[in-house]
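Encoded as structure tokens, the structure appears first; notes follow it.
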Amino acid sequence: MLPIIDRCSEEPIRRQIYHQLRAQILSSELEQGTPLYSTRQLASDLGVSRSTVVEAYDMLLAEGFLESKQGSQTVVAQGVAMQPAKEQPKVPEREPCKPILADFTTGRPDLSSFPRAKWSRLLQQAAQSLTIEDYGYTSPQGYLPLRAEIASWLSRSRGVSVFAENVFITAGATHALRILADLLCGNVGRVILEDPCHKGLYDTLVASNCEIVPVPADQHGMMTDQLTGDERAQMVYVTPSHQFPLGGILPASRRAELIRYALEQEIYIVEDDYDSEFRYTGSPISPLVSMDASRVIYVGTFSKTLFPALRIGYAVLPKELQSRWRYLRMHNDVQNPIVDQAALAMFLSTRGFDRHIRTMKNHYAKRRQVLVDVLKKQFGESCEIFGDSSGLHLAVRINGASFEDNFQSFCRGRGIVVKTMESHCIQKGSHKDQLVLGYGHLDDSDIHNGVKLLKETIRDYRICIV
Ligand SMILES: Cc1ncc(COP(=O)(O)O)c(C=O)c1O
């Protein structure tokens, strides 16, 4: 069949001819050995210039779909036909998604308050101030001035003494955990995980083929008295400053017990310090790494303090793990983008970051208070809010409620995005009356309307499941 030319298409005519002839060859419509029209003939039949057809044939010749025979006859090459593609089974059409009326997704910062104009200027300055060498393959460990600024930030904000040489830049905390799973567990090891935990990070570990050993967490974090010897365990993952999702702070006695355990078992503790910059009452919690840096790997992220799409986080690593980390990073994604790293280093060095944290802390503290007040107003005595006053989410118990597996989809059907505590649990059954509500990205009216809608939905859900 002659190719059909679409003169309105943006695809050049030579490519249209090439694609259609190639499709005919692949489907055996043009069988091997079949001579093609002469270029002159095809050009005249299609009403195009001969050179256009010559170009299309040349592409097919170069890629081996055609071969030139003696006497300049062009024929379809041998052995290039494929079976015609199987017809794909029809995917049933998805139900159209209900518009979102209330979104309690956790871990979302308020992106509308991010100083975008300032950030754009920093990016521009960074791009100009970097040297030509900086634009090459620099280091799988990360941009040195940024590592130095992170070390300085950790010292002034958390009282942790860290050297730039021990800071390793990542594409966020999730990425850090993925590398650590490879590094420490090598596809076969076990990871001790607080339960409940962040479902996304649980999936990251499972995707790295780690076997998960859950240890229950209560309102104070991991119940360290339930840690048992496990010679296949290679690491313990915890969120001691603000347990995700329950919100507790790991008390000193449990911290000591956890570190003793790691020392005895010769395993590493991964401390995910994902949102502790935002603590609304009292000083920031001292991280676990300040108690013993030999067995604790500290992981931080800029996803909550700045914006998730920045994809910059870091890990502070003990010496003995550093060269293996560099090797893994080098043979994976090589390094972080340089301009973003340099802009962030400037933001930190000029203390713009510190000012941003102060502003956002006040902002989120107010949002948290609005959410607490509205929950109390709507649910009264029947709701109990727990966890430290920090971060971008809170956990709430609705007395007498039982949120089953279908609750989240029931809510979604009403336009509400909300997670149950059980959805973050590895071992199910002990947190059925609790919800986890993110508020960082919600303004006052979102919170008022969202909680009202949530209350009505819980009432209807209870009626439906009785
Ligand atoms: C406990 C916890 N750790 C880590 C992350 C992910 O951070 P990142 O965006 O840096 O991968 C989140 C995100 O919500 C989180 O809640």
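All the letters of the sequence shown, read from the start, carry residue numbers 121 to 586 under the numbering used here. Ideal Cβ positions, reconstructed from N, Cα and C, are used throughout, including at glycine.
- The DSSP assignment places 264–278, 293–300 as complete runs of the alpha helix (DSSP H) inside the region 243–326, in order along the chain (cut-off: 4 residues).
- For residue 398, the distance from the CB to the nearest heavy atom of ligand 1 is not below 7 Å.
- A direct Cα-Cα distance of roughly 33 Å separates residue 240 from residue 401.
- At a cut-off of 7 Å, the beta-carbon of residue 392 counts as near ligand 1: some heavy atom of the ligand is closer than that.
- With a threshold of 16 other beta carbon atoms within 10 Å, residue 398 meets it and is buried.
- Judged by DSSP secondary structure, residue 517 falls within the beta strand (DSSP E) whose first and last residues are 513–518.
- When only Cα atoms are considered, residue 520 and residue 582 end up about 10 Å apart.
- Set against 7 Å, the gap from the CB of residue 565 to the closest heavy atom of ligand 1 is not smaller.
- Taking a cut-off of 8 Å on C-beta distances, the region 453–468 touches the region 255–275, as three or more cross pairs fall below it.
- Residue 155 carries a strand assignment under DSSP once its states are collapsed to helix, strand and coil.
- The three-state reading of DSSP puts residue 553 in coil, since its state is none of H, G, I, E or B.
- In this structure residue 366 does not touch residue 358 by the C-beta definition: roughly 12 Å separates them, more than the 8 Å allowed.
- Non-local C-beta neighbours of residue 577 in its own chain, meaning closer than 8 Å and more than five positions away in sequence, comprise 530, 531, 534, 536, ordered along the chain.
- Distances from the CA of residue 128 to each of 122, 121, 136 were compared; the closest alpha carbon is that of 136.
- CA-to-CA, the gap between residue 318 and residue 196 works out to about 57 Å.
- Of the candidates 327, 311, 282, 311 places its Cα closest to the Cα of residue 385.
- For residue 349, there is no enclosing beta strand (DSSP E), as DSSP marks it with neither H nor E.
- Contact between the region 231–248 and the region 181–195 is absent: fewer than 3 CB-CB pairs across the two stretches fall below 8 Å.
- Shown here, residue 202 sits in coil according to DSSP, grouped into three states, outside any helix or strand.
- The alpha helix (DSSP H) runs lying completely inside the region 414–472 and spanning 4 residues or more are 442–450, 458–469, given in chain order.
- Residue 481 sits in a helix when the DSSP states are folded into three classes.
- Each residue's CA atom was taken as its position, placing residue 169 and residue 176 some 11 Å apart.
- Following the DSSP letters along the chain, one finds residue 392 inside the beta strand (DSSP E) bounded by residues 388–392.
- Taken through DSSP and simplified to helix, strand or coil, residue 527 comes out as helix.
- Assignment of beta-bridge partners to residue 186 by DSSP yields 196.
- Of the other Cβ atoms in all chains shown, fewer than 16 fall within 10 Å of the Cβ of residue 454; this residue is therefore exposed.
- By the Cβ neighbour-count rule, residue 351 is exposed, with fewer than 16 other Cβ atoms within 10 Å of its own.
- The alpha-carbon separation between residue 277 and residue 404 amounts to approximately 8 Å.
- Separation of the CB atoms of residue 408 and residue 375 is rounded to 6 Å, and the pair is thereby assigned contact status at 8 Å.
- A contact between stretches requires three or more CB pairs, one per stretch, nearer than 8 Å, and the region 300–310 fails this requirement with the region 277–292.
- Judged by the Cβ position, residue 163 fails to qualify as a neighbour of ligand 1 at the 7 Å threshold, every heavy atom of the ligand being at least this far.
- Out of 505, 475, 523, 477, the CA that lies nearest to the CA of residue 550 is found in 523.
- Linking residue 571 to residue 330 through their CA atoms gives a straight-line distance of about 38 Å.
- If you draw a straight line from the Cα of residue 217 to the Cα of residue 223, it comes to about 14 Å.
- Annotation: the continuous alpha helix (DSSP H) that includes residue 144 extends over 133–146.
- Our two residues, residue 544 and residue 326, have alpha carbons roughly 14 Å apart in a direct line.
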